[in-house]
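**Q** Heads up: the sequence lines are chains A and B, in that order.
In this text, residue positions in the first sequence follow numbering that gives the first Met the number 0: the first is 0, and each later residue adds one.
In this text, residue positions in the second sequence follow numbering that gives the first Met the number 0: the first is 0, and each later residue adds one.
Where a beta carbon is used, it is the ideal one built from N, C-alpha and C, also for glycine.
None of the values given here were measured: they were computed from a predicted structure.
Got a structure for you, questions after.
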Amino acid sequence: MKGCEGICNITMFNEESYKTLFNNKKNYEDGHDDKKVKSVLEYTKTKEYMEKNFSREAVVINPLKACQPLGAFYAAIGFENTLPYLHGSQGCAAYFRSHFSRHFKEPFPAVSDSMTEDAAVFGGHKNIYEGLKNSYKLYKPEIIGMCTSCMAEVIGDDISSFVNNAKSQGDIPKDVDVVTAHTPSFVGSHITGYDNMLYEFIKYFGDELSAKHEKINVFLGFDTYVGDFTEIKRIFSLFGVEYTIISDPSEMLNSPADGNYKMFRGGTKIEELKKAPGAKGAIFLQTYSMSKTIQHVKNQWGQVARIINPIGLKGFDDLLVAISELTGKEIPEELKSERGKFVDAITDSYYHVYGKRFAVTGDPDIAYGLTRFILELGGEPVHILVTNANKKFTKEMNKLLEEFSKEDSCKVYPEKDMWHLRSLMFVEPVDYLIGNTFTKLVARDTDTPLIRIGFPIFDRHHLHRYPVIGYQGGINLLNWIVNGILEDIDNKTKDSSNFDIVR
Amino acid sequence: MPEKTTVYKDFIEDTLKEYPEKSKKERAKHIAIIEPGDTSCSVKSNKKSLPGVMTIRGCAYAGSKGVVWGPVKDMVHISHGPVGCGQYSWGTRRNYYNGITGINSFGMMQITSDFQEKDIVFGGDKKLSKIIDELEEMFPLSKGISIQSECPIGLIGDDIEAVARKKSEEIKKTIIPVRCEGFRGVSQSLGHHIANDALRDWVYEKDVKGADVEDSKYNVALMGDYNIGGDAWSSRKILEDMGLKVISQSTGDSTLSELANIKKAKLVLLHCYRSMNYVARYLEEKFQVPWLEFNFFGPTQIFQSMRKIAEHFDEKIKERTEYLINEVYGPKLQKITDKYFPKIKGKKVVLYVGGLRPRHIIPAFQDLGAEVIMTGYEFAHNDDYQRTLEYLNDTTIIVDDMTEYELEKTIKKLKPDLFGSGIKEKYQVQKSGVPFRQMHSWDYSGPYHGIDGYEIFAKDVDMAINGYIWKKITPPWEKGA
Ligand code: SF4
Ligand code: SF4
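Encoded structure:
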């Protein structure tokens with residue numbers, strides 16, 4: 000690289016000295032000869048291979064989903080002064096924390112009670128007693144959000160009675176709130192765990208029906224774009240509507256570097272959560288990550304609940320209409336004007352998206368929203384691949400494709416992994432891929448430009464700080480998609496006459 | 000008492016103060032001050048982490064799949080159990096390899112049995128058999144398969160060894176079952192051990208054959224280097240320059256054949272003692288292959304290690320080694336030191352890493368003029384602490400299994416100029432206004448080993464410590480800015 004003075008570790012392995020070293024090493028590797036490797040490589044690009052690939056029933060290769068407690072940690076950290084706590088092996092907690100830190104570039108404080116072999120035999124009650132005692136004393140949380148790793152689930156620990164014992168024997172004061180959620184990793188995915196923890200929180204704190212009031216409860220779901228929280232707050236203040244975001248990790252995961260590290264920042268206040276059952280209505284901005292929670296709010300709280308996917312133009316419209324209908328307030332002029340600006344931006348750009356073929360991946364809610372936005376721009380989301388999809392998702396997606404008369408050209412692949420996607424993209428290639436960092440592997444293999452949207456994103460900085468919903472979010476998505484395409488066009492034309500100055 | 004000792008004593012006392020009584024007693028055994036000349040280290044290690052303290056440690060699965068087996072590139076490694084463990088450890092360690100991923104190399108992949116409830120209830124052995132069949136169809140060029148057990152496997156009574164035996168015969172490939180369930184042991188460390196035992200039992204004891212290697216008195220095996228950011232390659236360069244033949248490299252960028260061939264070496268060069276000493280000892284006992292620990296971190300240690308290695312060979316190698324040190328590497332590295340020393344001199348560094356680096360890196364920092372005031376291990380044993388002593392030449396705090404709470408205290412009280420640890424620690428430290436380098440992954444840089452590595456390391460340390468932004472943490476309107 001031109002900026003490298005002396006040795007350059009971006010290009011050094013392409014240098015002669017390393018090439019010689021690699022060739023020399025090959026003599027000892029006992030690898031297959033190049034011809035054979037080449038022929039298998041070509042074979043994996045064929046339809047024949049794809050058929051075998053799609054007939055897999057047991058092994059999962061490069062899935063796009065994580066396990067329940069990760070989602071539970073995310074739900075818990077969205078409440079004020081709350082310490083996520085894993086009852087189980089410490090390795091899992093270390094993994095969740097690293098995973099979040101790699102994505103957000105933020106600390107993610109959380110504990111585990113380090114269950115080991117003896118706990119597997121005798122149960123993990125002692126771990127809970129000591130774990131609560133230590134974590135409470137050292138980190139002084141007001142609330143502990145406890146979930147379970149596989150280990151605790153397999154041995155069947157009764158965590159809520161262990162917590163009660165801990166309180167009655169004085170390991171922690173009786174008035175410390177410990178919310179417990181069972182999050183077996185062999186059921187569902189991280190979004191299931193998110194739902195389970197969120198549900199336990201609203202049940203724990205919001206079980207008594209509080210006095211009626213005019214506020215709206217807003218649930219963003221497993222949304223890892225901290226900018227979305229800011230955008231939602233902005234939209235509600237423009238409406239002049241009071242709201243409570245239920246689980247808001249945006250301060251926690253976007254904190255200043257000012258020399259004073261604080262373990263807890265922001266989050267939904269418990270006082271607010273306690274009042275949430277009395278709210279006038281609820282808006283859910285995701286559905287698959289909150290099915291249990293939604294049911295509870297509808298049935299137990301008896302709230303009018305509007306479930307919308309706020310991504311894209313329809314998403315923005317639905318959001319504004321929902322707020323207006325729930326509150327009886329007019330859509331403010333400023334937001335009407337923003338809607339117009341959003342449409343204006345789309346009219347400027349959609350020519351570059353129209354007819355382009357996309358593969359869309361992600362968690363169900365974001366994948367749904369992105370697919371719809373691509374359709375709004377005139378793109379063809381030919382492969383929609385969602386590892387943690389359920390039947391309902393597939394049905395809804397098919398309905399959406401029908402609405403745009405794309406049911407023949409575009410297809411939903413629920414419960415499939417990226418190795419399936421690799422085959423698909425060789426046999427039925429696309430122009431662009433939308434997905435998280437892991438999808439860069441298939442983007443590379445199939446030589447398809449990747450537009451990074453989703454979670455986790457480890458290899459680009461700051462994307463999570465932006466919103467993807469509302470007006471600001473719409474503009475961002477459009478920016479990433481359209482300029483991603485234009486970048487690619489420049490790349491593809493850099494040696495030809497159509498390397499245009501104006502696009 | 001020297002001033003430093005008093006300050007450090009206060010620091011430790013103050014740090015322990017907040018713990019509940021029982022935990023305080025326990026933690027006190029894991030922190031000590033070492034004075035120059037001390038011949039033993041009192042720090043307790045390899046003990047269970049206290050529940051709820053926010054330990055930085057991981058688990059046995061991380062030690063086996065993540066550290067030892069995962070980098071073996073021509074084998075497919077199944078994360079056997081639910082989806083999570085494999086997902087979080089997918090491609091994040093930076094153990095580089097050459098090859099075509101998914102065709103003849105399988106490093107940056109997450110291959111999992113994705114356990115569902117029914118697998119927990121009815122057992123996963125049948126599924127495992129089927130997985131192996133499907134992997135054969137998908138990856139015909141793989142040289143073998145390892146089964147990396149996650150927590151549930153050991154709890155539901157699956158017999159992965161039986162499956163491995165049966166399927167191995169069927170598909171005529173090596174299959175290695177590894178009982179590295181996360182609840183075993185107290186950290187990654189037992190995972191290393193279990194992984195080593197699996198290598199012993201399922202590769203050497205089963206007499207898995209490596210490719211033929213021409214016999215030579217210069218044959219060596221490079222072991223326990225995981226090629227983070229290309230470390231093993233950069234180390235290999237030195238060995239080859241010295242005239243040695245590196246017939247096997249493990250496990251970074253390694254192959255099954257290279258593993259099988261370690262025993263053909265005349266000398267095993269062991270880099271990470273913690274994670275591969277078990278196999279080294281076994282090979283020595285069984286095949287009489289001697290092993291030698293070395294350190295290619297920074298000029299002082301590189302030259303010392305080169306000479307130590309050369310001692311095992313003839314005059315030709317020794318002469319060549321002296322020539323390299325005096326005529327080639329020496330002047331080259333001196334230039335780098337000269338360039339960075341003035342910018343790094345006197346800076347205080349705190350390290351908290353895995354099972355090797357907390358001691359191995361110290362001299363490299365010293366080469367650059369920095370001072371390591373505190374160092375600690377996530378999962379070391381007594382022998383690691385003992386080995387640490389020879390690396391210390393000033394009063395130093397040693398900590399075992401540090402908690403995030405202690406880390407926070409360390410930053411506040413000791414105010415280091417640089418903190419070297421892992422991803423979970425990084426942002427907390429930086430928000431506290433202290434420069435940080437990830438010393439597991441080399442913070443997306445590296446290699447740090449060898450001649451090439453020293454230059455990159457020096458540059459990175461300078462960049463971290465002397466970045467302009469660290470002077471601007473306090474805003475101008477606040478006092479003292
Ligand atoms: S799948 Fe289970 S053992 Fe693995 S990280 Fe998730 S909870 Fe832990
Ligand atoms: S060098 Fe350290 S971090 Fe790396 S494997 Fe060895 S002990 Fe672990």
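1. Classify A/Ile-171 as helix, strand or coil using the three-state DSSP reduction.
2. Applying the 10 Å Cβ sphere with the 16-neighbour rule, what's the burial state of A/Gln-302?
3. Is B/Val-52 close to chain A, meaning its C-beta is less than 9 Å from at least one C-beta of that chain?
4. Examine the Cβ distances between the segment 82-95 of chain B and the segment 29-42 of chain A and report whether three or more of them are shorter than 8 Å.
5. Could you list the residues in the segment 127-140 of chain B with a C-beta less than 7 Å from some C-beta on chain A, going in chain order?
6. Please check the pair A/Ala-304 and A/Ile-293, which I expect to be a contact at CB under 8 Å, by giving their CB distance rounded to whole angstroms.
7. Cβ closer than 9 Å: which chain A residues qualify as neighbours of B/Lys-425?
8. Could you work out which residue in B/Ile-261, B/Lys-244 and B/Phe-312 is closest to A/Lys-24 when comparing CA atoms only?
9. If you measure between the beta carbons of B/Ile-99 and B/Asp-132, is that distance less than 9 Å?
10. Identify the contact partners of B/Arg-235 in chain A, using a Cβ-Cβ distance below 8 Å as the criterion.
11. Would you check if there are 3 or more beta carbon pairs closer than 8 Å linking the segment 216-236 of chain B to the segment 173-192 of chain B?
12. To which residues does DSSP link A/Tyr-242 through a beta bridge?
13. Anything in the segment 141-164 of chain B with a Cβ closer than 9 Å to a Cβ of chain A? List those residues in chain order, please.
14. Using 8 Å as the cut-off, classify the Cβ of B/Gln-187 as near or not near the heavy atoms of ligand 1, replying yes or no.
15. Alpha carbons only, please: which of B/Lys-338, B/Ser-274, B/Asp-366 and B/Val-327 is nearest the one belonging to B/Phe-378?
16. At 4 residues or longer, what runs of the alpha helix (DSSP H) sit wholly inside the segment 350-405 of chain B?
17. Should B/Cys-179 be counted as a contact of ligand 1 given a C-beta to heavy atom distance under 8 Å?
18. From A/Leu-312, A/Pro-331 and A/Gly-327, pick the residue whose C-alpha is nearest to that of A/Ala-344; which is it?
19. How about B/Tyr-87: is its Cβ closer than 8 Å to a heavy atom in ligand 1?
20. Which residues of chain A have a Cβ atom closer than 9 Å to the Cβ of B/Trp-89, listed in chain order?
21. Could you tell me the alpha carbon to alpha carbon distance between B/Lys-125 and B/Gly-153, rounded to whole angstroms?
22. If we ignore side chains and look at the alpha-carbon of each, how far apart do B/His-380 and B/His-29 end up?
23. To the nearest angstrom, how far is it from the Cα of B/Glu-160 to the Cα of A/Pro-428?
24. Rounded to a whole number of angstroms, what is the C-alpha to C-alpha distance between B/Ser-63 and B/Gly-354?
25. To be precise: take each residue of the segment 107-125 of chain B, compare its Cβ to all Cβ atoms of chain A, and keep it if any distance is under 8 Å. Which residues remain?
26. So, at 6 Å on beta carbons, what are the nonlocal neighbours of B/Ala-369 in its own chain, with the 5 sequence-adjacent residues on each side left out?
27. Going along the chain, which residues of its own chain have a beta-carbon closer than 6 Å to the beta-carbon of A/Ala-75, five neighbours each way excluded?
28. A/Cys-149 CB to nearest chain B CB: under 9 Å?
29. Which ranges does the alpha helix (DSSP H) cover as unbroken runs of at least 4 residues, wholly within the segment 281-328 of chain A, from first to last along the chain?
30. So which of A/Leu-440, A/Ile-450, A/Thr-436 and A/Thr-447 has the shortest CA-CA distance to A/Phe-457?
31. Could you spell out where the beta strand (DSSP E) holding A/Arg-451 opens and where it closes?
32. Let me know the secondary structure DSSP gives A/Cys-409 once reduced to three states.
33. Going along chain A, which residues have a C-beta under 8 Å from B/Gly-297?
34. When every heavy atom of ligand 1 is checked, does at least one fall within less than 8 Å of the C-beta of B/Pro-50?
35. Of all the options A/Asp-227, A/Ile-171, A/Gly-378 and A/Phe-95, which has the alpha carbon lying nearest to the alpha carbon of A/Asn-475?
36. Could you tell me whether any non-hydrogen atom of ligand 1 is closer than 8 Å to the CB of A/Glu-116?
**A** Put simply:
1. Residue state, collapsed to three classes: coil.
2. Buried, since its Cβ has 16 or more Cβ neighbours within 10 Å.
3. With a threshold of 9 Å between beta carbons, B/Val-52 makes contact with chain A.
4. No, because fewer than three Cβ pairs between the segment 82-95 of chain B and the segment 29-42 of chain A fall closer than 8 Å, the two stretches do not touch.
5. Here the close residues are Lys-129, Ile-130, Glu-133, Leu-134, Glu-136, Met-137, Pro-139 and Leu-140.
6. At roughly 6 Å, the Cβ-Cβ gap stays under 8 Å, so A/Ala-304 and A/Ile-293 are in contact.
7. Chain A residues near B/Lys-425: Ser-100, Lys-104 and Pro-106.
8. For the set B/Ile-261, B/Lys-244 and B/Phe-312, the Cα lying nearest the Cα of A/Lys-24 is the one of B/Lys-244.
9. Not a contact, by the Cβ cut-off of 9 Å.
10. What B/Arg-235 touches in chain A, judged by beta-carbon distance under 8 Å, is Leu-20 and Lys-24, going in chain order.
11. The segment 216-236 of chain B is not in contact with the segment 173-192 of chain B.
12. For A/Tyr-242, which the question treats as bridged, DSSP gives the partners A/Ile-215.
13. Cβ contacts with chain A come from Lys-142, Glu-149, Cys-150, Pro-151, Gly-153, Leu-154 and Ile-155.
14. Checking the Cβ of B/Gln-187 against ligand 1 gives no.
15. Checked all of B/Lys-338, B/Ser-274, B/Asp-366 and B/Val-327; the closest Cα to B/Phe-378 is B/Ser-274.
16. Every unbroken stretch of the alpha helix (DSSP H) spanning 4 or more residues and falling wholly within the segment 350-405 of chain B is given here in chain order: 356-359, 361-366 and 381-388.
17. Distance from the C-beta of B/Cys-179 to the nearest heavy atom of ligand 1 is not below 8 Å.
18. Its Cα nearest to that of A/Ala-344, the residue A/Leu-312 stands out among A/Leu-312, A/Pro-331 and A/Gly-327.
19. Checking the Cβ of B/Tyr-87 against ligand 1 gives yes.
20. Under a criterion of Cβ atoms nearer than 9 Å, the residues of chain A adjacent to B/Trp-89 are, in order, Asn-61 and Phe-437.
21. Spanning the two alpha carbons is a distance of roughly 16 Å.
22. Just so you know, the alpha carbons of B/His-380 and B/His-29 end up roughly 11 Å apart.
23. Straight through space, the alpha carbons of A/Pro-428 and B/Glu-160 are spaced by roughly 41 Å.
24. Taking the straight line from one Cα to the other gives about 14 Å.
25. Result list: Met-107, Met-108, Gln-109, Ile-110, Thr-111, Ser-112, Asp-113, Phe-114, Gln-115, Glu-116, Asp-118 and Ile-119.
26. Once the five neighbours on either side are set aside, the close Cβ partners of B/Ala-369 are Ile-343, Lys-346 and Val-348.
27. Shown here for A/Ala-75: same chain residues with a beta carbon closer than 6 Å to its own, the five before and five after excluded, namely Thr-81, Pro-83, Gly-144 and Met-196 in chain order.
28. Yes, because at least one Cβ of chain B sits closer than 9 Å to the Cβ of A/Cys-149.
29. Within the segment 281-328 of chain A, the complete alpha helix (DSSP H) runs of at least 4 residues are 290-298 and 311-326.
30. Closest by alpha carbon: A/Thr-436.
31. Counting along the chain, the beta strand (DSSP E) containing A/Arg-451 begins and ends at 449-451.
32. When secondary structure is reduced to three states using DSSP, A/Cys-409 falls in the coil class, being assigned neither helix nor strand.
33. The premise fails here: B/Gly-297 is roughly 15 Å from chain A at the closest Cβ pair, so nothing lies under 8 Å.
34. With a cutoff of 8 Å, B/Pro-50 does not count as near ligand 1, since its C-beta is closer than that to no heavy atom of the ligand.
35. It is A/Asp-227.
36. Not one heavy atom of ligand 1 falls within 8 Å of the beta-carbon of A/Glu-116.
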